[in-house]
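Quick note, the sequences are listed as chains X and E, same order. Residues 1 to 385, numbered by this note's numbering, are exactly what the first sequence covers, in order. Residues 1001 to 1237, numbered by this note's numbering, are exactly what the second sequence covers, in order.
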Amino acid sequence: MMIYSKLTFTLILALWFIHHYWPLTVKKAVVEFSVVLIGVAATYNPIALTIYFLGLAIFYVIRIFRAKNKLPDIIITISWLILAGLVSLLSFSWLSWVLLLFTLSLNFYELRTQQHYLPLNIMTLIFDVLILTLFLVVSPTLQFIFVVLAGLMTLITTSLIHYLFQETDMVFARSLDKMMTNYTQEVQSLYEGMRGWRHDYHDHLQTLKAYLDQQQVKEARHYLDDLEDKLEEVDPVVHSGNPVLDAVVNSKLTLAEKLNIPTNVKVFVGTQPLIDDVDLVVIIGNLMDNAIEAISEQATGEKKLLRVYISILKQQLYISITNSRPDTQIIDPEYASTKNDKRGLGIRRINHLVANYSGMINRQYQPGVFVTEIMLPLAAIHAEK
Amino acid sequence: MKIAIVEDNHQTQQQIITLLTAIDSASQPINATCFNSGEAFLFEFSETQNFDLILLDIQLGGQDGMTVARKIRKSDPQVALAFLSNYDDYVFDGYDVGALGYIMKPLTADKLTALLQKVELQTQVAYFLAEIDNESIKIPLFDIIYFEVQNHQINIHTQTKTYQINAQLKEIQPQLTADFIQIYRSLIVNLSFISQLTNNALTLNDGTTLPVSRQQHTPVKQAFLAHYRGLAHDDLF
């Protein structure tokens, strides 16, 4: 019975691994696979368990060097080290229960200090309980049941989370479709306005000719001035050469104008095909939404600015959006991977699309300013088509 | 300053001349010549190569502006070039002719003044001096894609050919501008020609893939971004 339970557990972990990390990159595979292997080994033997905890400690040590907010990781590392030491010193007794409680509180601490996805955290907690209880249970039958439960838990958790993420992304995609319809309408009304002008063109010329025939230069001049003013009315701010890009940038700029945000805009890409229209709208729309959102959170009196620069430089589509932000705003570098709100989803979508086009993304911030730069290689985009 | 205007629209020619006349002064004398086609200009250019700036319309009857620019570069890698273009004819060419800028029509006094200032600042195209077979050869830096060490020699890959010189990367580095960055022990690349950058490699515009060492990845990424940020800052339109 004992050996069966271990085998089942191994199998379930392997399944979980394949399910979760497919497709793999080599580095990720090596790291994750060793974690899983040691985890499996740990269920066989207390020494392995010690090594497992030590491994986790090392993992968090690495994270300390990378993380911006170091304190939680430092605390967690120390805790794992203590845990590893205790397990190696103690045979399982009532002290194991203390250990178990300690791990749990550790997890709670992690949950509170870092912005993780809540359901995932709760599942992890339950999983921890199950794994640690394994070592306390003497009866092989019970142990078998626990192992199966723990395995099923991991599978269900990851599937559930995968499903939830996909579902929210779907909802988001649907609202994007709606956004697209809006932009298409905007492009259409823009063109209708232009067509109207073309239609009137003939009449304007006739009027001007009539004035000039009668030597009424002053009137002709006045008429031209009038026309110029009207032209500015129909003229949207951005003429990039790409109607979809114009639509999305112009509509966001209108929004900025309504909020009295000073803008500095330079957008020009010509008529050559760029990336897919929907992708373009998603990237630019999200970037500008996030920028405007941050600006509107600023207190009155703080300097506001939205700068949009989109152009083709050599062989790159270069996008740079700069926005002012509240002095008090705290930026979480892991926002996109941890938050499931509109902004988090937006950032995830952008990252995903930029990666799809083998592009590069750079986010930089200083007190009061945030800059996002995106570079998409046109050579790669055109090769794809 | 001697300026050539290659433009097939007579009205635009007049417009540019008017603007140039306004700038023309004793301290900055301007002498402009108009050409109705690329062919007409190239014919003249083959005789007298003494222009300080060539303004090229992208959409020309006959050869387009980009083709004319390439032909100019074949005989003169140094002369300042600028393109004039409309919203609908922006050309993106893999071949880098080292143009000063793309100027959106209509050309205004501001844009023209900025361009002329730029010409004055950059009349000197930077060269790389290569000793090949006891002969000094000048290779314009904007034409060099990358330097590669091979068998104790350096291969200089330009857009059209490859030169070989006997030197070490360390020795040539002082000759290079900030556009060049070392990506690997044996490689120095011109940032202008990088198309994509992944974790351990980069792809050039022509599809060549080169390795990027681990410790150089972050500096290369930053330099690549900074290079484009710089271009974004001084583009003229």
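The beta-carbon is built from N, C-alpha and C at its ideal position, and this holds for glycine as well.
Chain-ordered chain E contacts of residue i [CB-CB under 7 Å]
| i | result |
| --- | --- |
| Pro377 (chain X) | Ser1195, Gln1196 |
| Asn362 (chain X) | Leu1225 |
| Tyr309 (chain X) | Ala1232 |
| Ser358 (chain X) | Gln1196 |
Three-state secondary structure (DSSP) of residue i
| i | result |
| --- | --- |
| Ser1195 (chain E) | strand |
| Val308 (chain X) | strand |
| Leu1055 (chain E) | strand |
| Pro1174 (chain E) | helix |
| Thr1208 (chain E) | coil |
| Asn1031 (chain E) | strand |
| Asn242 (chain X) | coil |
| Asn323 (chain X) | strand |
| His398 (chain X) | The first residue shown for chain X is 1 and the last is 385, placing residue 398 (chain X) beyond what the model contains. |
| Ile284 (chain X) | helix |
| His1157 (chain E) | strand |
| Val1149 (chain E) | strand |
| Tyr1163 (chain E) | strand |
| Ile1016 (chain E) | helix |
| Val171 (chain X) | helix |
| Val237 (chain X) | coil |
| Leu249 (chain X) | Residue identity differs from the one stated: residue 249 (chain X) is Val in this sequence, not Leu. Three-state result, Val249 (chain X): helix. |
| Ala1126 (chain E) | coil |
| Asp1008 (chain E) | coil |
| Leu1107 (chain E) | coil |
| Pro1077 (chain E) | coil |
| Ile330 (chain X) | coil |
| Asp1024 (chain E) | coil |
| Asp225 (chain X) | helix |
| Val1220 (chain E) | helix |
| Ile295 (chain X) | helix |
In DSSP terms, what residue i is bridged to
| i | result |
| --- | --- |
| Tyr365 (chain X) | X:Phe370 |
| Gly1101 (chain E) | E:Ala1082 |
| Lys266 (chain X) | X:Tyr309 |
| Glu1131 (chain E) | E:Ser1136 |
| Asn1190 (chain E) | E:Phe1180 |
| Lys1002 (chain E) | E:Asn1031 |
| Leu149 (chain X) | Looking at the DSSP assignment, Leu149 (chain X) forms no beta bridge with any residue, so it has no partner. |
| Tyr318 (chain X) | X:Ser311, X:Met375 |
| Ala1201 (chain E) | E:Pro1211 |
| Ile1144 (chain E) | E:Thr1158 |
| Met946 (chain E) | Missing from the structure shown is residue 946 (chain E); chain E here goes from 1001 to 1237 and no further. |
| Met360 (chain X) | X:Met375 |
Supposed contact pair residue j and residue i - C-beta distance, whole angstroms, cut 8 Å
| i | j | result |
| --- | --- | --- |
| Val249 (chain X) | Ile284 (chain X) | 6 Å |
| Asn286 (chain X) | Gly346 (chain X) | 4 Å |
| Leu1176 (chain E) | Ile1188 (chain E) | 7 Å |
| Leu1055 (chain E) | Ile1017 (chain E) | Their Cβ separation, rounded to whole angstroms, is 11 Å, which puts Leu1055 (chain E) and Ile1017 (chain E) out of contact at 8 Å. |
| Leu353 (chain X) | Val282 (chain X) | 6 Å |
| Leu1210 (chain E) | Tyr1146 (chain E) | 7 Å |
| Glu373 (chain X) | Leu1225 (chain E) | 6 Å |
| Ala1183 (chain E) | Val1220 (chain E) | Note on residue identity: the sequence assigns Ile, not Ala, to residue 1183 (chain E). At roughly 5 Å, the Cβ-Cβ gap stays under 8 Å, so Ile1183 (chain E) and Val1220 (chain E) are in contact. |
| Ala247 (chain X) | Glu192 (chain X) | Not a contact, Cβ separation roughly 13 Å. |
| Ala1069 (chain E) | Ala1099 (chain E) | 7 Å |
Contact list for residue i against chain A, beta-carbon separation under 7 Å
| i | result |
| --- | --- |
| Gln316 (chain X) | Structure shown: chain A not included; protein chains present are X and E. |
Chain-ordered chain X contacts of residue i [CB-CB under 8 Å]
| i | result |
| --- | --- |
| Asp1096 (chain E) | Lys314 |
| Asn1050 (chain E) | Those within 8 Å of Asn1050 (chain E) in chain X number zero; the least Cβ separation is about 29 Å. |
Partners in chain X for residue i, counting only beta-carbon separations shorter than 7 Å
| i | result |
| --- | --- |
| Ser1192 (chain E) | Lys314 |
| Asn1205 (chain E) | Gln315, Ala379 |
Residue i: contacting residues in chain E (beta-carbon distance under 8 Å)
| i | result |
| --- | --- |
| Glu228 (chain X) | Per Cβ cutoff of 8 Å: no residues; Glu228 (chain X) is ~14 Å from chain E at best. |
9 Å Cβ cut-off: residues of chain E touching residue i
| i | result |
| --- | --- |
| Ser320 (chain X) | Tyr1228, Arg1229, Ala1232 |
Cβ pair count under 8 Å reaching 3, the region 259-266 of chain X against the region 300-315 of chain X: yes
Three-pair Cβ contact test at 8 Å for the region 245-260 of chain X versus the region 212-222 of chain X: no
The region 1094-1107 of chain E in contact with the region 1128-1139 of chain E per 3-pair CB rule at 8 Å: no
Any 3 or more C-beta pairs closer than 8 Å across the region 367-380 of chain X and the region 1191-1198 of chain E: yes
The region 1063-1083 of chain E in contact with the region 290-307 of chain X per 3-pair CB rule at 8 Å: no
Sufficient close CB pairs (3 or more, under 8 Å) joining the region 1022-1029 of chain E to the region 1046-1060 of chain E: no
Cβ contact check for the region 360-371 of chain X and the region 324-333 of chain X: 3 or more pairs under 8 Å: yes
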